[in-house]
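Positions 1 to 73 (the numbering used here) are the ones given, in order, by the sequence shown. Each residue gets a CB set at the ideal place from its N, CA and C atoms; glycine is no exception. Note that the structure is a prediction, hence the values are computed from the model and not measured.
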Amino acid sequence: MAVASSSLVATAPQDLVAQAAESRRNRRLGICVIENISAEFLEVKGTEWSVDHKFFLGNASNPNKADLWNKDD
Numbered sequence: 001m002a003v004a005s006s007s008l009v010a011t012a013p014q015d016l017v018a019q020a021a022e023s024r025r026n027r028r029l030g031i032c033v034i035e036n037i038s039a040e041f042l043e044v045k046g047t048e049w050s051v052d053h054k055f056f057l058g059n060a061s062n063p064n065k066a067d068l069w070n071k072d073d
């Protein structure tokens, strides 16, 4: 089975929503990585994907160093 890979950069939350919708229409699986998430992304993603904004907030915060896996750094 061949696997296609692509890297898309969404500059606005609506771009990411459109890219995800296109992937669903084409029956492609994908992973979405959002770095430095803004309040606008939180609102749009939570609404579009029916995810509580607290989920994103909990994952967007910087963890306490004591809680990291590699504590030797």
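{"query": "Can you tell me where the alpha helix (DSSP H) with LYS21 in it begins and where it stops?", "result": "The sequence given here has Ala at residue 21, not Lys. First-last of the alpha helix (DSSP H) with ALA21: 13 to 25."}
{"query": "Is the separation between the beta-carbon of CYS32 and that of LEU42 shorter than 8 Å?", "result": "no"}
{"query": "How is the alpha helix (DSSP H) around GLU48 delimited, first residue to last?", "result": "39 to 48"}
{"query": "Could you check what DSSP says for LEU57 in three-state terms: helix, strand or coil?", "result": "helix"}
{"query": "Taking the alpha-carbon positions, what's the ILE37 to GLN19 distance?", "result": "17 Å"}
{"query": "Name the residue from GLU35, SER50 and VAL51 whose alpha carbon lies nearest to the alpha carbon of ALA12.", "result": "GLU35"}
{"query": "Should LYS54 go down as buried or exposed, given a rule of 16 or more other Cβ atoms within 10 Å for buried?", "result": "exposed"}
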